[in-house]
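Just below is one structure, and these are the notes that go with it.
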Amino acid sequence: MTLLPISGKKIVLLLLAVAACIVLYIYFPMFVPFILAYLTALLLEPLVKAAQKYLKLPKRLPAVTIVFTLFLAFTALVLYFAVTKLVRETVNFVNQLPFYITEIRLLMDRVILDFYDRISDIPESDLLVAELERQSQILVDKAQSLIEQILPTVTSFVQDVSNFVVVALIYLIALFLVSLDLPNIKSKFYHVFKEETGQKIRYVFSQIGRVFTGFFKAQFLLSLVVFALSYIWLKLAGSPHALIMSVLIWLIDLIPVIGSIVVLAPWALYTFIVGDTAFGIQLLLLTATIIVFRRVSEPKVMGHHIGLSPLATLMSLYFGLYVFGVVGLIVGPLIAIAIRAAVEAEIIKLNVKL
Numbered sequence: 000m001t002l003l004p005i006s007g008k009k010i011v012l013l014l015l016a017v018a019a020c021i022v023l024y025i026y027f028p029m030f031v032p033f034i035l036a037y038l039t040a041l042l043l044e045p046l047v048k049a050a051q052k053y054l055k056l057p058k059r060l061p062a063v064t065i066v067f068t069l070f071l072a073f074t075a076l077v078l079y080f081a082v083t084k085l086v087r088e089t090v091n092f093v094n095q096l097p098f099y100i101t102e103i104r105l106l107m108d109r110v111i112l113d114f115y116d117r118i119s120d121i122p123e124s125d126l127l128v129a130e131l132e133r134q135s136q137i138l139v140d141k142a143q144s145l146i147e148q149i150l151p152t153v154t155s156f157v158q159d160v161s162n163f164v165v166v167a168l169i170y171l172i173a174l175f176l177v178s179l180d181l182p183n184i185k186s187k188f189y190h191v192f193k194e195e196t197g198q199k200i201r202y203v204f205s206q207i208g209r210v211f212t213g214f215f216k217a218q219f220l221l222s223l224v225v226f227a228l229s230y231i232w233l234k235l236a237g238s239p240h241a242l243i244m245s246v247l248i249w250l251i252d253l254i255p256v257i258g259s260i261v262v263l264a265p266w267a268l269y270t271f272i273v274g275d276t277a278f279g280i281q282l283l284l285l286t287a288t289i290i291v292f293r294r295v296s297e298p299k300v301m302g303h304h305i306g307l308s309p310l311a312t313l314m315s316l317y318f319g320l321y322v323f324g325v326v327g328l329i330v331g332p333l334i335a336i337a338i339r340a341a342v343e344a345e346i347i348k349l350n351v352k353l
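Numbering (numbering that gives the first Met the number 0), first residue to last: 0 to 353.
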């Protein structure tokens, strides 16, 4: 087995790259708006070039302004319709909430009365009833304590919303500036390297960009199927809140690892408690269908969009999750493609013979 020698310059560059990755990992939240702005600018770049070409704009500023305005308008329109519809459905759900609470109370009263009837002939049943009442009071006290703990969480959530608005503004400003200066940013970066090395690195980054866009395309396609499946299933099952629950399932399903079971399992448990067994079974079947669909389709769809085989995609997702946590579901495939592209561009040279 023969290995190629590594020069001191390459070692220094490797150490600098590792140090940069460590710093980025530690201070990642600070860089998130700017990273998202850069990635969004890359996604919008084809539209900017198309605007310059077909509208015959000599300067980049008008094209960037047009695309940025359309991006803002589209995002605002989607948010407007989504929020208004969700608010309407939420109001309807809240209006029905007293009915649901009454149903739960009636169910608990029936259970307690039935329990009393069954233990009335048992010796020392009064002691048992007293203990049951004591435990019920303890349960009520714990519920009150839980509500008191939730209130600071709500306050913190409101503060987080205000912080999110600030971060969103920074993201939008950074997006416009990065999109405006994107060619210069790329040019200055590649000029740091020799021409041959720059071409190789350009190839690696083009592959990584393809993986990044492919990953989100795959996730978006899978999430659309989950949303459509949930909405149709809940509509056919007769749920009056099919849309709002489908949107909630869709949003939760976008979060890696967690999945739609976080919404559907408690919902199914509630329906069993109130006695709606048929609808509870429908929810469990929907949960199982979504899980099976995700597990079977995700490696294939993602592999098709990012250029890896289903097995390689599954392995990169698993190792990424194991090493980096939830973020590794994105980082894993990116690293796999980056290594493959570096080998293809001969940045990493393997000369191993057994």
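From the three backbone atoms N, C-alpha and C, an ideal C-beta is built for every residue, glycine too.
Pop quiz: isoleucine 184 and valine 177 are said to be a contact at Cβ under 8 angstroms. What is the actual Cβ separation, rounded to whole angstroms?
Between valine 177 and isoleucine 184 the Cβ distance is about 7 angstroms, and since that is below 8 angstroms, they are a contact.
Can we say the region 277–294 touches the region 219–238, given the rule of at least three CB pairs closer than 8 angstroms?
Yes, the region 277–294 touches the region 219–238.
Using the C-alpha atoms, what's the distance from valine 165 back to alanine 72?
Looking at the two C-alpha atoms, the distance is approximately 19 angstroms.
Measuring alpha carbon to alpha carbon, tell me which of Val300, Val191, Phe98 and Trp266 ends up nearest phenylalanine 219.
If we check each option's Cα against that of phenylalanine 219, Val300 comes out closest.
Taking the beta carbon of phenylalanine 98 as the centre, do at least 16 other beta carbons fall within 10 Å, making it buried, or is it exposed?
When all chains shown are included, phenylalanine 98 counts as exposed.
How long is the line joining the alpha carbons of isoleucine 10 and valine 17, rounded to whole angstroms?
One C-alpha to the other measures close to 10 angstroms.
DSSP state of methionine 0, grouped into three classes?
Only weak support is given to the placement of methionine 0: the predicted model assigns it a pLDDT of 45, under 50, and the value that follows is read from those uncertain coordinates. Coil.
Tell me the residue span of the alpha helix (DSSP H) that contains tyrosine 26.
That residue, tyrosine 26, is in no alpha helix (DSSP H); it is neither H nor E in DSSP.
What is the rounded straight-line gap between the Cα of valine 174 and the Cα of glutamate 195?
A small fix is needed here, since residue 174 is leucine in this sequence, not valine. About 30 angstroms.
For a test of the three-state rule: what should DSSP assign to proline 182, helix, strand or coil?
Three-state DSSP puts proline 182 in a helix.
Would you report the Cα separation of leucine 46 and threonine 74, rounded to the nearest angstrom?
Answer to the nearest angstrom: the Cα atoms are 16 angstroms apart.
Is the separation between the beta-carbon of isoleucine 320 and that of glycine 302 shorter than 8 angstroms?
Looking at the sequence provided, one finds leucine at residue 320 rather than isoleucine. No, these two residues do not count as a Cβ contact at 8 angstroms.
Considering only residues of the same chain and omitting the five flanking positions on each side of alanine 50, which have a CB-CB separation below 7 angstroms?
For alanine 50, where only same-chain residues beyond five positions count, the Cβ hits under 7 angstroms are Leu56, Ala62, Ile65 and Val66.
Buried or exposed, going by whether 16 or more other CB atoms sit within 10 Å of the CB of aspartate 203?
Residue identity check: residue 203 is valine in the sequence provided, not aspartate. Buried, since its Cβ has 16 or more Cβ neighbours within 10 Å.
Out of Phe27, Leu41 and Phe30, which has the shortest C-alpha to C-alpha gap to threonine 212?
It is Leu41 whose Cα lies nearest to the Cα of threonine 212.
Do leucine 263 and threonine 286 have their beta-carbon atoms positioned less than 8 angstroms apart in this structure?
Cβ distance < 8 angstroms, so threonine 286 and leucine 263 count as in contact.
Let's see if you can read the secondary structure: which residues bound the alpha helix (DSSP H) around serine 229?
194–236 is the extent of the alpha helix (DSSP H) around serine 229.
Which first and last residues belong to the alpha helix (DSSP H) in which aspartate 362 is found?
As displayed, the chain neither begins before 0 nor continues past 353, which places residue 362 out of reach and without an answer.
Determine the contact status of serine 245 and aspartate 252, defining contact as a CB-CB distance below 8 angstroms.
Their beta carbons are not under 8 angstroms apart, which means serine 245 does not touch aspartate 252 by this criterion.
According to DSSP, is glycine 331 part of a helix, a strand, or is it coil?
Looking at glycine 331 - three-state DSSP - the assignment turns out to be helix.
Grab the span of the alpha helix (DSSP H) containing leucine 54 for me, first residue to last.
Per DSSP, leucine 54 belongs to no alpha helix (DSSP H) and is neither H nor E.
Can you have a look at isoleucine 336 and say buried or exposed, based on whether 16 or more other CB atoms are within 10 angstroms of its CB?
Isoleucine 336 comes out buried.
With H, G and I counted as helix, E and B as strand and the rest as coil, what does DSSP make of aspartate 275?
In this structure, aspartate 275 counts as coil in the three-state DSSP scheme.
Can you name, in chain order, every residue of its own chain whose Cβ lies under 6 angstroms from the Cβ of leucine 54, other than the five neighbours on each side?
Correct list: empty, nothing qualifies.
Would you tell me roughly how many angstroms separate the C-alpha atoms of tyrosine 230 and leucine 250, rounded to the nearest one?
The alpha-carbon atoms of tyrosine 230 and leucine 250 are separated by roughly 13 angstroms.
Apply the 10 Å Cβ neighbour rule to leucine 43 and answer buried if 16 or more other Cβ atoms are within range, or exposed otherwise.
By the 10 Å Cβ count, leucine 43 comes out buried.
Suppose you measure from the CA of threonine 312 to the CA of tyrosine 189; what does that come to, to the nearest Å?
Roughly 29 angstroms between the two C-alpha positions.
Indicate whether isoleucine 289 and leucine 106 have their beta-carbon atoms separated by less than 8 angstroms.
It is not a contact, given that the beta carbons lie outside the stated cut-off.
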